[in-house]
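K.L.:
Would you mind keeping the following structure in view while I ask a few things?
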Amino acid sequence: MSTAVYAGSFDPLTNGHLEIVERASRLFDCVYVVIMVNQAKQTLFSLDERLNHLTQAFANDTSVIVTHSEGLAVDFARTVKADSFVRGIRNTTDYNYEWPIATMNAELAPEIETVFLMARPQHEVISSSIVKEIARYGRSVQQFVPDFVAIDVAQKFGQG
C-alpha cells in the first residue's frame, strides 16, 4: 500500500490545496493531510477550525486521513510508514522554497520520496496569505476557497 503525507498549515484551506489532495489521492492508496502545528506561528484559524475544514472537505474520500502533528513532518511520515511527501508547486518561488526542505527530508529519511505536483493554472496564484489579505480588505474570497471556508473567513474579518 502506498502512503503519502501532505503537510501544511492550511490557514485557510484553499482550492489549490484541495486540488493537490485530490490528485494525490489518485496516485496513492492513502494520503495523510497533516496540519503541522507551529506554536510560534500566529494563525487566523485555530487548530480545531482547520481540522474541521479539512475533515469537511474530504468527508467522502476514504483514502484521505486528516490529522495534525507537532515537530518535523519527516518524523510524522515515518510514524505512519509513508513512502512519499506530496508538495504542491505553483511557481519558481514555491520550488525555491520547497527544494531545500525536500533535500533535508531526503537526508533525514532517504526512504521517503518527495513528489512535486504542479498546480493547475487556475490555482497558480492562490495562497493562504493572499486569501487572508483579500479578506482583510473586505473582499469575498469565495472563488479561492471552498464555500464553507469562505463563510468562516468572512466571519473572521467581521463580514459575516
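Following this note's numbering, the numbering of the sequence shown begins with -18 at its first residue and continues without gaps.
Ideal Cβ positions, reconstructed from N, Cα and C, are used throughout, including at glycine.
Being a predicted model, the structure only gives us computed values, none of them experimental.
(1) From the DSSP output, in three-state form, read off T95 for me.
(2) For the region 14 to 32 and the region -12 to -5, state whether three or more C-beta atom pairs, one from each stretch, are separated by less than 8 Å.
(3) To the nearest angstrom, report how far apart F(-16) and M99 are at their CA atoms.
(4) Is the distance from the Cβ of L(-1) to the Cβ of P127 below 8 Å?
(5) Going by beta-carbon coordinates alone, are T84 and F66 separated by less than 8 Å?
(6) Going by the DSSP bridge assignment, what does I70 pair with across the sheet?
(7) So, do the region 33 to 42 and the region 68 to 84 have three or more beta carbon pairs nearer to each other than 8 Å?
P.N.:
Result, derived from the coordinates:
(1) strand
(2) yes
(3) Here residue -16 is Thr; the residue named in the question, Phe, does not match the sequence. Approximately 19 Å between the Cα atoms of the pair.
(4) yes
(5) no
(6) M99
(7) no
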